[in-house]
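Residue numbers (our numbering): 981 to 1225.
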Ligand code: GLN
């Protein structure tokens, strides 16, 4: 089995270990004899999203978001089409904000988004920083019994989801989308958007496998993933839960 992952702007987007998400997907594929090919994509590079199985975008500061927004806008139509066709997309924090309609910075400047997701983000006066624990409404297993996500957030942007959209999870500790409505991240088709860095996937192996399952299924492969020994990953996950409960 072969899958292709495009890592968008790894030179600009990537905070608090975000690249670890890509490494986790790679490792979990390798352990199951799935050949995951990773292509870093930077400004101006020609790519064809129809060839992608998974797209990953990490977080970045307002500065980086501004640098890449023009390049990203030129790809918006194609990326949106691919998402509608079931492309798997994982976007973290600054990358997540760019999936929406716009990101309004503290000085009132509106960075246009891709409009893939019905949401918008407005920078608030307070930075939302710290460890996050969030409940996943629909337990994601796998073979683990985890129904939480853990991670680390650091953003001033407050994201508001449109009425049709479901959040990825419900905040137990931390701020999530906006610190107001208890929502964290978004789920739409095969898109996962989240504020969780840390990186996210090493400590949330159940989510990593859900993402892989979605990508395999879309290509018509068998998506029953062989069980891995996730005892260390689950220990890391539970250490965060235990620390704050
Ligand atoms: N610039 C954004 C904010 O502060 C994103 C930061 C991030 O990706 N951690 O809201």
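Yeah, the Cβ is synthetic: ideal placement off N, Cα and C, and Gly gets one too.
Exposure of residue 1219 is indicated by the presence of fewer than 16 other C-beta atoms within 10 angstroms of its C-beta.
Rounded to the nearest whole angstrom, the CA to CA distance from residue 1128 to residue 1172 is 15 angstroms.
Distances taken from the Cβ of residue 1203 to the heavy atoms of the ligand GLN include none shorter than 6 angstroms.
Only residues of its own chain outside the window of five on either side were considered, and among them 1045, 1077, 1091, 1093, 1101 and 1137 have a CB closer than 7 angstroms to the CB of residue 1083, listed in chain order.
Between residue 1016 and residue 985, the gap from beta carbon to beta carbon is short of 7 angstroms.
In terms of Cα proximity to residue 1211, the closest of 1056, 1126 and 1099 is 1126.
Judged by pairs of C-beta atoms under 8 angstroms, the segment 1181–1189 does not touch the segment 1024–1037, as fewer than three such pairs exist. Distance from the CA of residue 1198 to the CA of residue 1147, rounded to the nearest whole angstrom, comes to 22 angstroms. Residue 1185: member of the alpha helix (DSSP H) spanning 1185–1198, first to last residue. Nearest in C-alpha terms to residue 1011, of all of 1207, 1223 and 1214, is 1207. Remark: the shortest separation between the CB of residue 1135 and any heavy atom of the ligand GLN falls under 6 angstroms.
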